[in-house]
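Encoded as structure tokens, the structure appears first; notes follow it.
Protein chains in written order, with the working numbering: chain A, 1 to 499; chain B, 500 to 998.
Encoded structure:
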């Protein structure tokens with residue numbers, strides 16, 4: 001008897017987030033929901049920070065209404081979301097009762113599986129959210145963000161899994177955002193988790209396909225005992241997205257493993273998204289095919305293009321190579337955080353600063369916070385000299401407690417501010433929307449009554465402003481320059497001059 | 500110590516054949532040759548039927564000159580070609596001395612490794628070519644075309660490998676043209692060959708990536724002992740092409756296997772073809788991403804689009820489903836030939852006939868020949884009733900001998916006819932060009948002096964005539980219709996009417 005391998009379908013969340021700039025409308029998903037619901041998936045990932053953000057920023061869709069629609073249209077499915085631990089779906093730490101309320105409301109509106117992660121892999125940042133999920137009776141999945149560094153050994157990842165188990169994780173997710181998980185470590189880590197956490201602990205593996213090797217990694221993870229793997233229907237797969245669901249099904253034939261997926265349903269889902277995808281051509285990822293350079297640079301493709309555009313804006317397009325060489329140094333100084341939102345932006349921007357101005361002559365507030373422990377603890381020690389510079393810059397000391405312990409209760413204030421906005425419907429869900437995206441929510445509340453907007457026909461998105469750059473695109477900097485640094489929702493104006 | 504896995508680079512032959520309609524010019528390959536030569540490949544596949552055809556048909560390039568250029572620019576590399584057994588690079592069986600001459604001249608001009616295959620897997624069709632290769636002292640690789648059917652068991656493939664070994668094969672190639680080779684049979688077949696032919700017999704695995712599973716198959720083949728695998732540089736990989744070379748390299752890290760490839764060279768090769776590829780946009784394959792339906796239909800994507808266009812020309816576009824269902828029946832009646840040029844066209848066209856006219860009411864000469872043994876023997880018995888119909892149609896009996904045994908010496912006649920053509924340069928190479936492609940060679944000889952033509956700028960190729968079809972594209976047939984059937988170089992006019 002082959003062992004059953006369960007599958008999470010990513011097409012409604014991470015697939016279009018990775019391939020189509022998160023622009024897919026609910027309307028384009030609805031016709032596929034019945035087939036998805038009946039195809040035999042273990043869960044359907046359909047909600048997360050970027051889809052929520054995109055709903056209110058670009059689509060004039062209420063993300064809660066989207067969730068309730070999924071709940072109605074997929075009554076047989078576990079709905080799954082990605083939750084950024086104490087950050088929820090936003091870019092800062094929230095006070096614990098806000099975390100509780102968000103989880104409660106998500107569960108109430110239909111969410112079943114909460115994949116809880118933290119960009120630094122600091123378990124303290126996952127704890128409250130996981131407790132909240134467990135109190136609702138829903139599935140709390142503890143997540144390991146996979147990355148590579150001299151400190152990230154198989155043993156360390158397995159230890160983290162044990163910590164998550166102690167915190168009550170119903171399953172452990174090994175999450176590889178940058179397609180860095182090669183077959184051999186995939187095998188070793190999954191085997192290690194099974195051995196240390198017990199064979200009964202479900203292991204769930206999430207990989208992207210950017211480097212082209214990760215379907216092999218899924219095979220090895222399955223051989224090591226992985227219970228659930230994440231894939232995306234073939235017509236919205238590959239490149240910076242994920243491995244195709246149908247390929248996983250076929251790959252397993254004749255091995256000791258099988259999925260329970262209904263191939264006729266998969267074909268219908270495939271055909272639906274094949275038809276829908278061309279509408280979003282203007283949002284297609286510029287990365288296609290395979291990028292294996294990531295293995296050496298350890299810098300995800302999206303981060304490189306961000307840094308390139310930052311450099312070009314400063315007329316320093318010729319400095320990219322130096323910046324790429326600087327990233328690993330900055331990452332080391334910060335204790336080897338995984339490079340994922342928001343740490344990838346924070347580290348990348350600091351690397352740009354270091355190359356343009358000299359090492360740590362200028363520093364973003366976020367990088368200082370990272371060095372001072374305000375995002376939590378990474379795996380390695382932070383460089384004491386850089387910590388000292390960060391203290392000076394931020395005019396505050398380092399912390400060693402859980403960052404959210406510093407926060408005062410904030411729900412009443414958030415609720416009052418949100419309810420004062422035109423169009424707030426009086427619900428806690430609306431207040432949560434405001435809490436996550438305070439800069440975007442007001443406009444969304446005000447315009448919500450106009451109903452969903454199709455991003456594909458919007459003249460505003462069709463005509464993108466060209467990036468500003470110097471005449472020859474590569475002039476070097478001779479005087480002070482003002483620099484716009486965007487991290488999450490915040491934009492900083494930083495004036496710096498060469499060292 | 501990890502075991503070394505050797506690699507054949509496909510970018511100069513099968514990659515652009517599969518992805519860019521074989522249109523890449525020598526000029527676009529030359530700048531990459533030094534890096535390819537020094538990257539550490541086991542061999543460089545660079546010549547075959549379609550590239551030869553494309554040279555003289557579209558590019559006004561002398562294929563022999565192309566070969567000599569490769570030889571000069573890649574002095575450290577084994578150059579490899581794909582040779583269709585007794586068909587050489589053409590679409591018919593050639594008499595043995597023509598086979599000998601072709602192999603001699605190829606070796607003389609610089610070819611090192613001859614991958615010899617036959618569409619029906621009939622070893623008799625490989626024998627003479629392999630003997631010829633061995634006589635030149637070059638590498639004769641015996642090939643198994645992989646396919647699936649109730650008769651194609653692991654044991655049968657391994658038996659075929661043993662036959663090829665007896666015929667003196669220096670290595671055995673497991674060749675999967677349609678990306679049907681799943682991981683488990685890949686493992687079983689390679690292991691079987693190693694066990695029956697001896698661990699010392701090199702096993703070489705060639706897969707396409709159309710179904711998305713075959714990098715996993717390569718991993719399993721390597722675990723089973725495969726010595727050499729075929730890949731293509733990432734910027735010209737995936738889809739109906741092949742798995743990316745760089746992904747193979749990275750996939751193996753930390754396993755018990757490694758390649759000897761130089762990653763810096765690979766990056767340069769990648770960048771070169773990434774730059775070149777957009778020039779060929781008009782020739783890009785319409786298939787992209789992943790097509791797993793092939794596993795069930797066993798009909799390669801290219802064959803489906805051929806049949807679709809045949810049907811539309813007859814105003815029978817609505818019959819595709821019936822035709823797809825008919826293909827496996829016709830294939831069974833013919834003894835389960837692999838579906839690869841030319842058997843895929845022969846079987847596909849007959850399936851179209853059967854649906855439009857009734858079963859075997861009309862028959863192409865080629866299908867009759869296939870049923871009567873004139874292409875050789877497939878793995879299964881041919882249906883006696885259909886053989887009888889074929890006899891009537893072709894007005895000749897079935898044969899059981901090797902098809903080429905029926906041929907009379909033909910070199911003198913070919914040489915005389917070729918030399919009578921304007922522009923023939925007096926060389927045996929030119930006569931071979933004429934022998935392979937008698938309809939295209941005359942024009943090529945006449946125009947050769949004009950030098951290479953860039954297909955990307957040709958107005959003739961830019962403006963493709965639209966396929967003729969009925970007003971609504973789906974009218975059913977009510978009277979006799981005339982049907983153009985093209986197989987290889989020959990076009991048949993067949994008038995048929997509904998049964």
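For every residue, glycine included, the Cβ atom is placed at its ideal position computed from N, Cα and C.
Residue i CB to nearest chain A CB: under 8 Å?
i, result
"residue 863 of chain B", "no"
"residue 970 of chain B", "Low per-residue confidence applies at residue 970 of chain B: pLDDT is 34, beneath 50, and the placement is therefore not dependable enough to give any value."
"residue 516 of chain B", "no"
"residue 503 of chain B", "no"
"residue 963 of chain B", "The predicted position of residue 963 of chain B is uncertain, since its pLDDT is 40 and thus under 50; no value can be drawn from it."
"residue 539 of chain B", "no"
"residue 743 of chain B", "yes"
"residue 981 of chain B", "Bear in mind that the predicted position of residue 981 of chain B carries a pLDDT of just 48, short of 50, making it unreliable; the figure below should be weighed with that in mind. Output row for residue 981 of chain B: interface = no."
"residue 715 of chain B", "yes"
"residue 885 of chain B", "no"
"residue 789 of chain B", "yes"
"residue 718 of chain B", "yes"
"residue 977 of chain B", "Its pLDDT being 37, under 50, residue 977 of chain B is placed unreliably by the model, and the measurement read from it follows with that caveat. Taking Cβ atoms only, chain A never reaches closer than 8 Å to residue 977 of chain B, which makes this a no."
At least one CB of chain B closer than 8 Å to the CB of residue i: is that the case?
i, result
"residue 247 of chain A", "yes"
"residue 192 of chain A", "no"
"residue 474 of chain A", "Residue placement at residue 474 of chain A is flagged as unreliable, the pLDDT there being 32, under the threshold of 50; the coordinate-derived value follows with that caveat. For residue 474 of chain A, the answer is no, since every Cβ of chain B falls outside 8 Å of its Cβ."
"residue 293 of chain A", "yes"
"residue 267 of chain A", "yes"
"residue 1 of chain A", "no"
Shortest alpha-carbon distance to residue i belongs to which of the options?
i, options, result
"residue 423 of chain A", "A/414, A/410 and A/448", "A/448"
"residue 694 of chain B", "B/710, B/732, B/668 and B/654", "B/654"
"residue 774 of chain B", "B/740, B/735 and B/764", "B/735"
"residue 587 of chain B", "B/577, B/601 and B/740", "B/601"
"residue 840 of chain B", "B/548, B/532 and B/530", "B/548"
"residue 246 of chain A", "A/19, A/433, A/41 and A/453", "A/41"
"residue 953 of chain B", "B/506, B/844, B/635 and B/527", "B/527"
"residue 756 of chain B", "B/784, B/727 and B/561", "B/727"
"residue 9 of chain A", "A/26, A/47, A/25 and A/376", "A/47"
"residue 893 of chain B", "B/672, B/871 and B/554", "B/871"
"residue 632 of chain B", "B/762, B/785, B/678 and B/581", "B/581"
"residue 740 of chain B", "B/681, B/505 and B/517", "B/517"
"residue 6 of chain A", "A/16, A/44, A/32 and A/30", "A/44"
"residue 308 of chain A", "A/366, A/327 and A/277", "A/327"
"residue 936 of chain B", "B/950, B/916 and B/951", "B/916"
"residue 73 of chain A", "A/31, A/59 and A/426", "A/31"
Output yes or no for whether 8 Å exceeds the beta carbon distance between residue i and residue j.
i, j, result
"residue 64 of chain A", "residue 109 of chain A", "yes"
"residue 39 of chain A", "residue 261 of chain A", "yes"
"residue 613 of chain B", "residue 640 of chain B", "yes"
"residue 802 of chain B", "residue 750 of chain B", "no"
"residue 280 of chain A", "residue 23 of chain A", "yes"
"residue 98 of chain A", "residue 410 of chain A", "yes"
"residue 253 of chain A", "residue 683 of chain B", "yes"
"residue 710 of chain B", "residue 794 of chain B", "yes"
Could you name the residues of chain A that residue i contacts, counting a contact when the two beta carbons are closer than 7 Å?
i, result
"residue 710 of chain B", "247 and 250"
"residue 1041 of chain B", "Any question about residue 1041 of chain B goes unanswered here, given that chain B covers just 500 to 998."
List the residues of chain A that residue i touches, going by C-beta distances under 9 Å, in chain order.
i, result
"residue 681 of chain B", "250, 251, 252, 253, 254 and 255"
Name, please, each residue of chain B whose Cβ falls closer than 7 Å to the Cβ of residue i.
i, result
"residue 185 of chain A", "753"
### Query
When you check each C-beta in the stretch 725–740 of chain B against every C-beta of chain A, which residues fall closer than 8 Å?
Cβ contacts with chain A: 733, 734, 736 and 737.
### Interfacial residues, the stretch 642–673 of chain B to chain A, with Cβ spacing under 8 Å
none
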